[in-house]
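So the sequence lines, in the order shown, correspond to chains A and B. Residue numbers are given in UniProt numbering: position 212 of the first sequence equals residue 212, and the series is strictly consecutive. Residue numbers are given in UniProt numbering: position 28 of the second sequence equals residue 28, and the series is strictly consecutive. From the three backbone atoms N, C-alpha and C, an ideal C-beta is built for every residue, glycine too. Data first, discussion second: the structure below is written as structure tokens.
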Amino acid sequence: MSPFLSFFNKIDPQVETKPKVALSEVDHEMRLPVLLFTISGILWLLIGTFFAIVASFKMHSPELLANFEPLTFGRVRSAHLNAMTYGWANNAVFAVGLWIMARLCKAHIRYASMLIIAGVFWNIGVTIGIIGILTGGLTSVEWLEMPPQVGPLLAFSYVLIGMWGILMFRFRERGHVYVSQWYILGALFWFPWLYVVAITMIFLEPARGTIQALTNWWFGHNVLGLWYTPMGLAAIYYLLPKVLGRPIYSYYLSLLGFWSLALFYNWAGVHHLIGGPIPVWLISAGIVASVMMVIPVVVTAINHHMSAVGNARAVWQSPTLRFIVFGAMSYTLASFFGSWMALRSVNVVTHFTQFTIGHAHHGVYAFFTMTMFGGIYFMMPRILEREWPSAMLIKVHFWCAAIGIGMMLVALHVGGWIQGMDLNNPDIPFFSPDSSARTILGALKPWLFSRSISGILLTIAHIAFFVNFALMLIGPRAVRYKEGPTLLAAERKGA
Amino acid sequence: MKNLPLLFFGIFFVLAFSWTGLILSSVIQYGDLKPIAMEEGGVPQPQARVGVAQQGKLVYISQGCIYCHSQQVRRKGFGADWERGWGNRQSVPRDYILQERVLLGTSRTGPDLMTIGERQPSADWHHQHLYNPQFTSPGSIMPPFRYLYRTQKIGDAPSPNALKIPDTFPEEKPEPGYEIVPTERAEQLVAYMLSLKLNYELPESRNAE
Numbered sequence: 001m002s003p004f005l006s007f008f009n010k011i012d013p014q015v016e017t018k019p020k021v022a023l024s025e026v027d028h029e030m031r032l033p034v035l036l037f038t039i040s041g042i043l044w045l046l047i048g049t050f051f052a053i054v055a056s057f058k059m060h061s062p063e064l065l066a067n068f069e070p071l072t073f074g075r076v077r078s079a080h081l082n083a084m085t086y087g088w089a090n091n092a093v094f095a096v097g098l099w100i101m102a103r104l105c106k107a108h109i110r111y112a113s114m115l116i117i118a119g120v121f122w123n124i125g126v127t128i129g130i131i132g133i134l135t136g137g138l139t140s141v142e143w144l145e146m147p148p149q150v151g152p153l154l155a156f157s158y159v160l161i162g163m164w165g166i167l168m169f170r171f172r173e174r175g176h177v178y179v180s181q182w183y184i185l186g187a188l189f190w191f192p193w194l195y196v197v198a199i200t201m202i203f204l205e206p207a208r209g210t211i212q213a214l215t216n217w218w219f220g221h222n223v224l225g226l227w228y229t230p231m232g233l234a235a236i237y238y239l240l241p242k243v244l245g246r247p248i249y250s251y252y253l254s255l256l257g258f259w260s261l262a263l264f265y266n267w268a269g270v271h272h273l274i275g276g277p278i279p280v281w282l283i284s285a286g287i288v289a290s291v292m293m294v295i296p297v298v299v300t301a302i303n304h305h306m307s308a309v310g311n312a313r314a315v316w317q318s319p320t321l322r323f324i325v326f327g328a329m330s331y332t333l334a335s336f337f338g339s340w341m342a343l344r345s346v347n348v349v350t351h352f353t354q355f356t357i358g359h360a361h362h363g364v365y366a367f368f369t370m371t372m373f374g375g376i377y378f379m380m381p382r383i384l385e386r387e388w389p390s391a392m393l394i395k396v397h398f399w400c401a402a403i404g405i406g407m408m409l410v411a412l413h414v415g416g417w418i419q420g421m422d423l424n425n426p427d428i429p430f431f432s433p434d435s436s437a438r439t440i441l442g443a444l445k446p447w448l449f450s451r452s453i454s455g456i457l458l459t460i461a462h463i464a465f466f467v468n469f470a471l472m473l474i475g476p477r478a479v480r481y482k483e484g485p486t487l488l489a490a491e492r493k494g495a
Numbered sequence: 001m002k003n004l005p006l007l008f009f010g011i012f013f014v015l016a017f018s019w020t021g022l023i024l025s026s027v028i029q030y031g032d033l034k035p036i037a038m039e040e041g042g043v044p045q046p047q048a049r050v051g052v053a054q055q056g057k058l059v060y061i062s063q064g065c066i067y068c069h070s071q072q073v074r075r076k077g078f079g080a081d082w083e084r085g086w087g088n089r090q091s092v093p094r095d096y097i098l099q100e101r102v103l104l105g106t107s108r109t110g111p112d113l114m115t116i117g118e119r120q121p122s123a124d125w126h127h128q129h130l131y132n133p134q135f136t137s138p139g140s141i142m143p144p145f146r147y148l149y150r151t152q153k154i155g156d157a158p159s160p161n162a163l164k165i166p167d168t169f170p171e172e173k174p175e176p177g178y179e180i181v182p183t184e185r186a187e188q189l190v191a192y193m194l195s196l197k198l199n200y201e202l203p204e205s206r207n208a209e
């Protein structure tokens, strides 16, 4: 065997000597880091929601808080994006993703202090970054709005977390490596690399001209494609069989889904620059990759569907599965939309409009965030050894989130499409002194308004989630001794 | 999966592949573009933005204008950029090479600004528009940037750069004896707006039509 291969084989321990580690031991040892990440994540979710509401209302009522510079639209929408991305979503990924990794490795947790240090530095970095955005340090580089000075702090935390994941994997129990672990290993490796390259080529040593824009979208799209998507899929692949008590439908489909996603998603980001001042062959490559994304999406959808089919009642009863299945279905739909939007003839309408904003929320909220909610509903009782106090609050959370995001998606997709058709018709002005004239903004405003209404529903959902979580954390001891898991529908008689 | 070398190699390979294909290849393909003159002895274009206009770009960045305004003109026939008068040639990679931060933008809640300095050459118009977009653009959803202006007592004579508030907005007028003047940041931002032009040709700009 070549030295190169034997290096990798050392990662795979050959002899089984250690006694088996129970999942409850893993849960217990992961308690502190998981709590740190989950609590920070939920707090960021609330802060991000506040910024979202302000930004959304400002779009149809520009006079709202207009004379307060830190909350001007450009800053508050960036604060929203970064609080949600780096605050909520990343903390959720760290909590749920690392916990699943630890459980699948079935080994004692080592170096948990690495996670604590990374988590503390991470959240300090994001806090400084958000304050930086609001006070004028905004960079105006999409998905990288935080002042570049926080970059090294965040990169350091990322690398610590990535290293911890690989160490965990190194000390795992011998045997088969499950599909969730492939995705998590990939994501833990990919994201620090993406982040470091992006901040280097955009801020520290800026690339020439529009190469910056290419780097920006290679990064921006891969935040979703190679970080949130693999982590979300890892959670679905782990939780779906776990709650239903049956294996994943097909190993080979998981394999195909993983590799095709890894290969194609990478290249797709260029579709954000269709028509822009970059070489046309790159745009074509981006479009091809976006269309090829249909393969991993269909494969994964079949795999998930066939694993869950026939268990509608269990899906309805389990808080985890309700959210996870909603997320998995949204993943399929959002991805189809994404491939379709990359076609030049469609993109000429949807580019530069609210349609893109809608699509981003389709991926990051309807798929990723809902999946993470499901993951947290499953994880917390095992970490805290108590049940969720209120089934009612879970229902409020689910329905307000599901209806809210559904309404937002309709508003932004329909409104964005109309906006795009109008933009391409030079006879329609942006605005007009004649209030009865057909204008782009006039036609868009009602849709922006309904987006704000959907935002209120999402706010209610997040508050319900927060209250339930807080009660679980600090609530009366009685909750701890509740019998059986919190379910959303009555058990069938005799079941 | 038990073939770990394949897993690790694959994970490494896919990202290296896209980075090489998208970014490294671009650096090789057009990373060394230079300003170029159309005829011998002519002024090489594009030229670097300097002074107050460059400072104004920093204001543009820190206010987040990019989230509603793009800076790119697409080719004729793709969208309505030409018909809307946003430029009479498509913008090409060379147009951006001297910019330390490229602000192409991905949203057009408002119009493209690649050539706004040619379309609106009046500084007064820009100041009025920034102070309250409704002055010049009724029905706009652009936020007002009043905080880039300050109210001061009129000295011996009114300042030459005092804002002209339309009579149709009496509630926006300052108290008698006072005037509203741009702060340094507003002057910089308007200088930047006026510097946004695409009034030169490049060898590739016509070919690209």
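What is the DSSP secondary structure of residue i, reduced to helix, strand or coil?
i	result
S107/B	strand
T210/A	coil
K445/A	helix
R405/A	Checking the sequence, you will find Ile at residue 405/A rather than Arg. DSSP places I405/A in helix when its eight states are reduced to three.
Q47/B	coil
I274/A	coil
F398/A	helix
F431/A	coil
I248/A	coil
A208/B	Caution is warranted here: a pLDDT of 48 is assigned to A208/B, below 50, making its placement in the model unreliable, and the coordinate value is therefore given only provisionally. Of the three classes helix, strand and coil, the one that applies to A208/B here is coil, per DSSP.
I23/B	helix
I36/B	strand
F145/B	coil
F466/A	helix
F352/A	strand
E118/B	helix
P93/B	helix
What does residue i touch in chain B if you count any residue whose Cβ is under 8 angstroms from its own?
i	result
K58/A	P143
T439/A	G139
P62/A	P133, S140, I141, M142, P143, P144
R77/A	G64, Y67
How would you write the range of the alpha helix (DSSP H) that residue i sits in, first residue to last?
i	result
E179/B	That residue, E179/B, is in no alpha helix (DSSP H); its beta strand (DSSP E) goes 178 to 182.
F153/A	Checking the sequence, you will find Leu at residue 153/A rather than Phe. 151 to 170 is the span of the alpha helix (DSSP H), which, as asked, contains L153/A.
K58/A	31 to 60
D124/B	123 to 131
A289/A	280 to 292
W340/A	319 to 341
G375/A	370 to 384
Out of curiosity, what's the CA-to-CA distance linking residue i and residue j?
i	j	result
E100/B	P206/A	7 angstroms
M392/A	L487/A	10 angstroms
G363/A	R185/B	38 angstroms
P485/A	W388/A	8 angstroms
L253/A	T300/A	7 angstroms
F337/A	H359/A	8 angstroms
T200/A	V159/A	15 angstroms
V190/B	K445/A	28 angstroms
L103/B	S70/B	7 angstroms
G139/B	L448/A	14 angstroms
In the DSSP assignment, find the unbroken beta strand (DSSP E) run with residue i in it and report its ends.
i	result
Y149/B	149 to 153
In chain A, which residues lie less than 8 angstroms from residue i when you measure between Cβ atoms?
i	result
Y131/B	Near Y131/B there are no residues of chain A at all, since even the closest Cβ is about 11 angstroms away, more than 8 angstroms.
Would you mind telling me which residues of chain C sit closer than 7 angstroms to residue i, beta carbon to beta carbon, in chain order?
i	result
F78/B	Reference to chain C is not applicable here, since the protein chains of this structure are A and B.
Show which residues of chain A have a CB atom less than 7 angstroms away from the CB atom of residue i.
i	result
Q27/B	It is Val, not Gln, that sits at residue 27/B in the sequence shown. Simply A207, I211.
D95/B	P277
V14/B	A262, L263, N266
L113/B	By Cβ distance, chain A contributes nothing, its closest Cβ being about 13 angstroms from L113/B, past 7 angstroms.
S91/B	P277
Residue i touches chain A at which residues, Cβ-Cβ below 9 angstroms?
i	result
I66/B	G74, S140, V141, E142
Which chain B residues are close to residue i, counting only those with a beta carbon under 9 angstroms from its beta carbon?
i	result
G442/A	G139
Going along chain B in order, which residues have a C-beta closer than 7 angstroms to the C-beta of residue i?
i	result
F352/A	S70, T106, S107, R108
G186/A	I11
G136/A	S62
Using 8 angstroms as the cut-off, classify the Cβ of residue i as near or not near the heavy atoms of the ligand GTP, replying yes or no.
i	result
L185/A	Questions concerning the ligand GTP fall outside what the structure shown contains, since it holds no ligand whatsoever.
Could you say if the segment 256 to 274 of chain A and the segment 226 to 237 of chain A meet the contact criterion of at least three C-beta pairs nearer than 8 angstroms?
Three or more beta-carbon pairs drawn from the segment 256 to 274 of chain A and the segment 226 to 237 of chain A are found closer than 8 angstroms, and the two stretches are therefore classed as touching.
Are there three or more Cβ pairs, one per stretch, closer than 8 angstroms when the segment 108 to 127 of chain A is compared with the segment 159 to 174 of chain A?
yes
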